[in-house]
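Structure, as structure tokens:
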Amino acid sequence: MSDSVYKIIEVVGTSTTSWEDAAKNAVEMAARTLEDLRIAEVVRQDVTIEDGKVKLYRVRLNLSFKYHPEL
């Protein structure tokens with residue numbers, strides 16, 4: 009087994025349904041352009057409120073993915 013290096017970035021996902029959907033949206037969108045996603049860590053959850061009602065769920069995630077240096 010070889011040693012590996014991972015990079016961590018922060019992304020924010022949103023959903024009008026739930027925090028779970030917001031996290032899923034963020035991971036699936038990031039997976040379109042990042043290779044070898046490994047871990048998603050929820051850093052923060054919050055909501056946007058309008059007229060006393062929750063309008064938008066937001067999740068801030070740290071995503072780690074395997075670093076592939078260009079040779």
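Residue numbers (this note's numbering): 9 to 79.
Heads up, the beta-carbon is just placed ideally off N, CA and C, and yes, glycines get one too.
Within the same chain, A34, A38, L69, L71 come within 7 angstroms of V19 by CB-CB distance, once the 5 residues on both sides are set aside. Judged by DSSP in its simplified three-state form, D11 adopts coil rather than helix or strand.
Around the CB of V67, 16 or more other CB atoms lie within 10 Å, so the residue is classed as buried. By the CB criterion at 9 angstroms, K61 and K15 fall outside the cutoff. Between V50 and A31, the CB-CB gap stays under 9 angstroms. Residue state for D44 is assigned as coil, using DSSP reduced to three classes. The distance from the Cβ of H76 to that of E36 is about 21 angstroms, inconsistent with a contact at the 8 angstroms cut-off.
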